[in-house]
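**Q** A single structure is presented below for examination.
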Amino acid sequence: MAYYRRLGEVPPTRHTQHRGDDGRLLREELMGEEGFSSDSSLLYHRGVPSAVVAGDVWTLPDQGRTPNHPLLPRHLRLHQLLPDGTGADAVTGRRLVLGNADVRIGYVLTGTDPSPLYRNAIGDECVYVETGSGTVETVFGALSYQAGDYVLVPRATTHRWLPAEPSRLYAIEGSGHIAPPRRYLSRYGQLLEHAPYCERDLHGPAEPLLAEGDDVDVLVRHRTSAGVVGTVLTYATHPFDVVGWDGCLYPYTFNVEDYMPITGKVHQPPPVHQVFEGHNFVVCNFLPRKVDYHPLSIPVPYYHSNVDSDEVMFYVGGDYEARKGSGIGLGSVSLHPGGFAHGPQPSAIEASLGAERFDESAVMVDTFAPLELGEAALACEDPGYPWSWAADARS
Numbered sequence: 001m002a003y004y005r006r007l008g009e010v011p012p013t014r015h016t017q018h019r020g021d022d023g024r025l026l027r028e029e030l031m032g033e034e035g036f037s038s039d040s041s042l043l044y045h046r047g048v049p050s051a052v053v054a055g056d057v058w059t060l061p062d063q064g065r066t067p068n069h070p071l072l073p074r075h076l077r078l079h080q081l082l083p084d085g086t087g088a089d090a091v092t093g094r095r096l097v098l099g100n101a102d103v104r105i106g107y108v109l110t111g112t113d114p115s116p117l118y119r120n121a122i123g124d125e126c127v128y129v130e131t132g133s134g135t136v137e138t139v140f141g142a143l144s145y146q147a148g149d150y151v152l153v154p155r156a157t158t159h160r161w162l163p164a165e166p167s168r169l170y171a172i173e174g175s176g177h178i179a180p181p182r183r184y185l186s187r188y189g190q191l192l193e194h195a196p197y198c199e200r201d202l203h204g205p206a207e208p209l210l211a212e213g214d215d216v217d218v219l220v221r222h223r224t225s226a227g228v229v230g231t232v233l234t235y236a237t238h239p240f241d242v243v244g245w246d247g248c249l250y251p252y253t254f255n256v257e258d259y260m261p262i263t264g265k266v267h268q269p270p271p272v273h274q275v276f277e278g279h280n281f282v283v284c285n286f287l288p289r290k291v292d293y294h295p296l297s298i299p300v301p302y303y304h305s306n307v308d309s310d311e312v313m314f315y316v317g318g319d320y321e322a323r324k325g326s327g328i329g330l331g332s333v334s335l336h337p338g339g340f341a342h343g344p345q346p347s348a349i350e351a352s353l354g355a356e357r358f359d360e361s362a363v364m365v366d367t368f369a370p371l372e373l374g375e376a377a378l379a380c381e382d383p384g385y386p387w388s389w390a391a392d393a394r395s
């Protein structure tokens, strides 16, 4: 995201001497993407950012995946998976819902205990806050979060979650970078006038975050030839020792209330609701909005077969008109795989005629490779969902 920010004290010229108040030389770190060829930031540390004194195995929660076979649409009841009162920490408590080589979707209901320090070395994370509030502390500074926020954390950013209250978090973990769609950006990276949000809607850290400590553990998620694994790295000094940084790479939040839905005379396809893109997947949000104004319009979606993608909808607010009678409700996730035609429940089509506004909120992830089921999906699936259209069609 090429939008320059500067926090704390940095030298007038990059890659030159920069000393702290005590006269000691600060250590400059370039954190950059795509091998010095994309967005980056320069961070100035009191300590040595590579000073590791120990390493051990971090045993991850179950990362196993089961193919979607036989090929069926799925309905997952995430609130049933994690009922209130079962809070875990925001990192080690995540359970895998769906995933493939490009993206993994996890879910956790936190308590109020802070998570361990954590770094995802596989890709960026885009965490949707379904409920709750708190702070994410990062090497760049602290971010406040609230319900409706997307929290974007760049790959390899050391951070930890500090919930102020129990929080339901829907974590979209990429295997690369997650950013605003390229069609929203100028050739220099500015969000354009037709984009449904702009730079002033993106909230990064406001000041550096400094912490002291020796022999500090950081949980690192990374890949080996055996797949996704975890390591505990112990650092000589606390990673939160950055007195200043500048650049175009940093964590930020974006709240759905600042997204401006695009509507039309007839029903608009899902790409008009896109908010972010990653490698081989996109993220969209469907929000309360006025609907189609053609006198013969049908406000709910038409049936569609996206033969190149799997569609995942996470229902987070309102009353989803197109799915009445299907069992879908708040906290539901639907998976409609490529090769399967899907759309509204038949009775919802007539019921939607004449509607002027929909009050519904959902987060959608479309992938361009098949998704497999994580252990969490298998634990909260609604077995009757695949047949819900047939029951309605016959009535």
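Counting in the UniProt record's numbering, the sequence shown runs from 1 upward without gaps. Glycine is no exception: its CB is placed at the ideal position from the N, C-alpha and C atoms.
In whole angstroms, what is the alpha-carbon distance linking V103 and D308?
**A** Counting from one through the sequence shown, the residue named residue 103 turns up at place 103. Counting from one through the sequence shown, the residue named residue 308 turns up at place 308. Approximately 16 Å between the Cα atoms of the pair.
**Q** So, for S115: in the same chain, excluding its five sequence neighbours on each side, which residues have a beta-carbon less than 6 Å away from its beta-carbon?
**A** Residue mapping note: residue 115 aligns to position 115 of the sequence shown, counting from 1. Hits under 6 Å: D89, A90, V91, R160, W161.
**Q** Roughly how many angstroms lie between the CA atoms of A142 and D292, to the nearest whole one?
**A** Along the sequence shown, one-based indexing puts residue 142 at 142. Along the sequence shown, one-based indexing puts residue 292 at 292. Answer to the nearest angstrom: the Cα atoms are 41 Å apart.
**Q** Identify which residue in L25, Y44, G247, F340 has its Cα closest to the Cα of D241.
**A** What you label residue 241 is simply residue 241 of the sequence shown in a count that begins at 1. When each option's Cα is compared against that of D241, the closest is Y44.
**Q** Span of the beta strand (DSSP E) holding S361?
**A** Position 361 of the sequence shown, counted from the start, is the residue given in the question as residue 361. That run of the beta strand (DSSP E) goes 360-367.
**Q** Short check: CB of G123 to CB of R155, under 8 Å?
**A** Taking the sequence shown and counting its residues from 1, the one referred to as residue 123 is at position 123. Taking the sequence shown and counting its residues from 1, the one referred to as residue 155 is at position 155. Yes. Within cutoff.
**Q** What residue range does the beta strand (DSSP E) around A54 cover?
**A** Here residue 54 corresponds to residue number 54 of the sequence shown, with the count starting at 1. Element bounds for A54: 52-58.
**Q** Looking at the structure shown, is I349 part of a helix, part of a strand, or coil, going by DSSP?
**A** Residue numbering aside, residue 349 sits at position 349 when the sequence shown is read from its first letter. Three-state result, I349: helix.
**Q** If you follow the alpha helix (DSSP H) that L378 is in, where does it begin and where does it stop?
**A** Here residue 378 refers to the residue found at position 378 of the sequence shown. Unbroken alpha helix (DSSP H) run through L378: 375-379.
**Q** In terms of residues, what are the limits of the beta strand (DSSP E) holding H75?
**A** For the purposes of this step, residue 75 is identified with residue 75 of the sequence shown, where counting begins at 1. Where H75 is concerned, the enclosing beta strand (DSSP E) stretches over 74-77.
**Q** Name the one or two DSSP bridge partners that P163 has.
**A** Indexing the sequence shown from 1 puts residue 163 at position 163. Paired residues: G134.
**Q** Considering only residues of the segment 264-347, which uninterrupted beta strand (DSSP E) runs meet the minimum length of 3 residues and lie entirely inside it, listed in chain order?
**A** Within the segment 264-347, the complete beta strand (DSSP E) runs of at least 3 residues are 274-278, 281-286, 310-318, 332-336.
**Q** In chain order, what residues of the same chain lie with their CB nearer than 6 Å to the CB of G93, ignoring the 5 residues before and after it?
**A** Numbered from its first residue, the sequence shown carries residue 93 at position 93. For G93, where only same-chain residues beyond five positions count, the Cβ hits under 6 Å are V108.
**Q** Report buried or exposed for Y4, applying the criterion of at least 16 other Cβ atoms within 10 angstroms of its Cβ.
**A** Working through the sequence shown from its first residue, we reach residue 4 at position 4. So Y4 ends up on the exposed side.
**Q** If L210 and G55 are in contact, beta carbons under 8 Å, what's the gap, nearest whole angstrom?
**A** Here residue 210 refers to the residue found at position 210 of the sequence shown. Here residue 55 refers to the residue found at position 55 of the sequence shown. 25 Å between Cβ atoms; not a contact.
**Q** Whole angstroms is fine: what's the gap from K324's alpha carbon to L371's?
**A** Against the sequence shown, residue 324 aligns to sequence position 324. Against the sequence shown, residue 371 aligns to sequence position 371. Computed Cα separation, rounded: 25 Å.
**Q** Work out the CA separation of D366 and F340 for me, nearest whole Å.
**A** Locating residue 340 in the sequence shown gives position 340, where the first residue counts as 1. Locating residue 366 in the sequence shown gives position 366, where the first residue counts as 1. One C-alpha to the other measures close to 14 Å.
**Q** Using a Cβ-Cβ cutoff of less than 7 Å, which residues in the same chain neighbour A376 once the five nearest sequence positions on both sides are dropped?
**A** In the sequence shown, the residue the question calls residue 376 occupies position 376. Taken in chain order, the residues that qualify are L81, R95, L96, V97, Y107.
**Q** Let me know if Y302 comes out buried or exposed under the rule of 16 or more other beta-carbons within 10 Å of its beta-carbon.
**A** On the sequence shown, residue 302 is found 302 positions in, with the first residue counted as 1. That one is exposed.
**Q** At a cut of 8 Å, does the segment 254-269 reach the segment 196-216 through at least three beta carbon pairs?
**A** Counting Cβ pairs under 8 Å, three or more are found: they touch.
**Q** Skipping 5 residues on each side, what residues in its chain have a beta carbon closer than 6 Å to that of M364?
**A** Counting from one through the sequence shown, the residue named residue 364 turns up at place 364. Around M364: C284, M313.
**Q** Hey, out of F358, A179, S347, L152, whose CA is closest to S38's CA?
**A** Indexing the sequence shown from 1 puts residue 38 at position 38. Nearest of F358, A179, S347, L152 to S38, Cα basis: A179.
**Q** Check the C-beta distance from A164 over to V127 and give it rounded, since I have them as a contact under 8 Å.
**A** The residue labelled residue 164 in the question sits at position 164 within the sequence shown. The residue labelled residue 127 in the question sits at position 127 within the sequence shown. Their Cβ separation, rounded to whole angstroms, is 16 Å, which puts A164 and V127 out of contact at 8 Å.
**Q** Tell me whether the beta-carbon of P261 lies closer than 8 Å to the beta-carbon of R221.
**A** Residue mapping note: residue 261 aligns to position 261 of the sequence shown, counting from 1. Residue mapping note: residue 221 aligns to position 221 of the sequence shown, counting from 1. No.
**Q** Taking the CB atoms as reference points, tell me whether S41 and G247 lie closer together than 8 Å.
**A** On the sequence shown, residue 41 is found 41 positions in, with the first residue counted as 1. On the sequence shown, residue 247 is found 247 positions in, with the first residue counted as 1. Yes, Cβ-Cβ distance for S41 and G247 is below 8 Å.
**Q** For G99, report the span of its beta strand (DSSP E) as first-last.
**A** Numbered from 1 along the sequence shown, position 99 holds the residue referred to as residue 99. Where G99 is concerned, the enclosing beta strand (DSSP E) stretches over 95-99.
**Q** Do you know how far the Cα of E33 is from the Cα of S352?
**A** Translated into positions along the sequence shown, residue 352 becomes position 352. Translated into positions along the sequence shown, residue 33 becomes position 33. Spanning the two alpha carbons is a distance of roughly 46 Å.
**Q** Using the three-state DSSP reduction, which class does D214 fall into: helix, strand or coil?
**A** Along the sequence shown, read from residue 1 onward, the residue named residue 214 stands at position 214. Of the three classes helix, strand and coil, the one that applies to D214 here is strand, per DSSP.
**Q** Count the other C-beta atoms from every protein chain shown that fall within 10 angstroms of the C-beta of G99, then say buried if there are 16 or more, exposed otherwise.
**A** Counting from 1 along the sequence shown, the entry for residue 99 is found at position 99. Buried, by the Cβ-count rule.
**Q** For the beta strand (DSSP E) holding W245, just list the boundary residues, first then last.
**A** Residue mapping note: residue 245 aligns to position 245 of the sequence shown, counting from 1. That run of the beta strand (DSSP E) goes 242-247.
**Q** Where does R187 land, buried or exposed, given buried means 16+ other C-beta within 10 angstroms?
**A** Here the question's residue 187 lines up with position 187 in the sequence shown. Label assigned to R187: exposed.
**Q** Between the C-alpha atoms of residue 398 and G47, what's the straight-line distance to the nearest angstrom?
**A** Nothing can be reported for residue 398, as the shown portion of the chain is limited to 1 through 395.
**Q** So is C276 buried or exposed if we call it buried at 16+ other beta carbons inside 10 Å?
**A** In the sequence shown, the residue the question calls residue 276 occupies position 276. Looking at the sequence shown, residue 276 is not Cys but Phe. Buried: at least 16 other Cβ atoms inside 10 Å.
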